[in-house]
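J.:
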Amino acid sequence: MIREIDSGAPMTRFARGWHCLGLTEAFRDGQPHGVDAFGTRLVVFADSAGALHVLDGYCRHMGADLSRGSIKGDTLACAFHDWRWQGATGRCVQVPYAKRAPRLPAPAAGRPARSTVSCWCGTTRKARRRRRN
94 MIREIDSGAP
104 MTRFARGWHC
114 LGLTEAFRDG
124 QPHGVDAFGT
134 RLVVFADSAG
144 ALHVLDGYCR
154 HMGADLSRGS
164 IKGDTLACAF
174 HDWRWQGATG
184 RCVQVPYAKR
194 APRLPAPAAG
204 RPARSTVSCW
214 CGTTRKARRR
224 RRN
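Residue numbering for the sequence shown follows the numbering used here, starting at 94 and increasing by one per position.
1. Looking only at its chain, what residues have a beta carbon closer than 8 Å to the beta carbon of Phe173, apart from the 5 residues adjacent to it on each side?
2. Apply the 10 Å Cβ neighbour rule to Leu145 and answer buried if 16 or more other Cβ atoms are within range, or exposed otherwise.
3. Check for me: the beta strand (DSSP E) holding Leu114 runs from which residue to which?
4. Can you tell which of Arg184, Val186, Gly166, Ala139 has the C-alpha that lies nearest to the C-alpha of Val210?
5. Grouping DSSP H, G and I as helix and E and B as strand, with all else coil, what is Arg161?
6. What separation, rounded to the nearest whole angstrom, lies between the Cα atoms of Asp122 and Thr182?
7. In whole angstroms, what is the alpha-carbon distance linking Arg193 and Gln187?
8. By Cβ distance, which residues of its chain are closer than 6 Å to Asp175, with the 5 residues on each side in sequence left out?
9. Cys171 to Ala108, Cα distance in whole Å?
10. Using the Cβ count rule (16 or more neighbours within 10 Å means buried), how would you classify Gln179?
11. At which residues does the beta strand (DSSP E) containing Thr209 begin and terminate?
12. Any idea what DSSP makes of Ala86, helix, strand or coil?
13. Quick check on the DSSP output: the beta strand (DSSP E) that includes Ala170 runs from which residue to which?
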């Protein structure tokens, strides 16, 4: 006899604060890495200077998975249309076929802390305030 256990709906509320996404060395290979956390997809990558960044895992243009893109200098390029997302600000900084980039919101807050990469779950304003402390 097989018994099926109903565990209920997936969690939709997560503790506010910084959460570890992984070890820094795992993300320093020159490739973007998709991470599923907090009921969404994030992308972690190191820019040309070696600084680690965490962004929303989906391109704001057409929803492409940014972990399938490529790192170009200090930006993460979407695999669909090559829109460039700056790691430090999370903003679109270049659209190859346009004169200017659209003003799109910064989608995620992340930071390296010693040997781990953490991501803030909560409002961005509180994340910035806590980062300064």
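Cβ coordinates follow ideal geometry from the N, Cα and C atoms, glycine included.
T.: The short version:
1. Apart from the 5 residues on each side of it in sequence, Phe173 sits with its Cβ closer than 8 Å to the Cβ of Cys152, His154, Met155, Ala157 in its chain, given in chain order.
2. When all chains shown are included, Leu145 counts as buried.
3. That run of the beta strand (DSSP E) goes 110-116.
4. Each of Arg184, Val186, Gly166, Ala139 was checked against the Cα of Val210, and the nearest Cα belongs to Ala139.
5. In the structure shown, Arg161 sits in a helix (DSSP, three-state: H, G or I).
6. Cα-Cα distance, rounded: 21 Å.
7. Going from the Cα of Arg193 to the Cα of Gln187 covers about 7 Å.
8. Answer for Asp175: Pro189, listed in chain order.
9. Distance between the alpha carbons of Cys171 and Ala108 is about 30 Å.
10. For Gln179, the number of other beta carbons within 10 angstroms of its own is at least 16, and it is reported as buried.
11. That run of the beta strand (DSSP E) goes 209-214.
12. Summary: the structure shown does not reach residue 86, with the chain confined to residues 94 through 226, and so no result is reported for it.
13. DSSP places Ala170 in the uninterrupted beta strand (DSSP E) bounded by 168-170.
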